[in-house]
Amino acid sequence: MSSKIIPPSPSAAEYATDPTGKPLIPNAADPFALFNDWMAEARAKELNDSNAMSLATVDADGNPDVRIVLLKEVTPAGFVFFTNLESTKGQQLKANPVDAHRATDAALAGIDLLTQDIQIKRQ
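Note that the working numbering has the sequence shown beginning at 9, numbered continuously upward.
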């Protein structure tokens, strides 16, 4: 067993600022506009799938199922991705229209985590 002392975890304030003290998450009256700003910055820094996000659903037994989808649009109504409604995720979303999705961009060290009701639209 090591005798090294584990350093304390950073505080919420330390997590929310960069080394210069600049806030990483500004107060934003419009979180969708802030997310769009982050996405524009991510696209400028990361050419490969900056719009990739993890999408989690549950199956009929309540077991989680996670996969990567591509974010197509962000509006005040929510986040848009396209899928085959006959796919496993399409069927899961029809049966239980709630998901959790996470967009992470290592180039920005930014993470967005959301859970919302899904509106399925056929096009």
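Yeah, the Cβ is synthetic: ideal placement off N, Cα and C, and Gly gets one too.
Give me the residue from 101, 91, 109 and 82 with the minimum Cα distance to residue 70. Working through the sequence shown from its first residue, we reach residue 70 at position 62. The option with the nearest alpha carbon to residue 70 is 101.
Rounding to the nearest angstrom, what Cα-Cα distance links residue 37 and residue 12 in this structure? Working through the sequence shown from its first residue, we reach residue 37 at position 29. Working through the sequence shown from its first residue, we reach residue 12 at position 4. Roughly 44 Å between the two C-alpha positions.
Take the Cβ of residue 28 as the centre, count every other Cβ of all protein chains shown within 10 Å, and call the residue buried at 16 or more, exposed below. Numbered from its first residue, the sequence shown carries residue 28 at position 20. Exposed, since its Cβ has fewer than 16 Cβ neighbours within 10 Å.
Identify which residue in 16, 52 and 98 has its Cα closest to the Cα of residue 63. Here residue 63 is taken as the residue at index 55 of the sequence shown, counted from 1. The option with the nearest alpha carbon to residue 63 is 98.
Taking C-beta to C-beta, are residue 61 and residue 89 nearer than 9 Å? Residue 61 sits at position 53 when you count from the first residue of the sequence shown. Residue 89 sits at position 81 when you count from the first residue of the sequence shown. Going by C-beta atoms, residue 61 is nearer than 9 Å to residue 89.
Under the assumption that residue 65 contacts residue 92 (Cβ atoms under 8 Å), give the Cβ distance between them as a whole number of angstroms. Residue numbering aside, residue 65 sits at position 57 when the sequence shown is read from its first letter. Residue numbering aside, residue 92 sits at position 84 when the sequence shown is read from its first letter. About 14 Å separates the two Cβ atoms, so there is no contact after all.
Which residues share a DSSP beta bridge with residue 76? Taking the sequence shown and counting its residues from 1, one reaches residue 76 at position 68. Looking at the DSSP assignment, residue 76 forms a beta bridge with 62.
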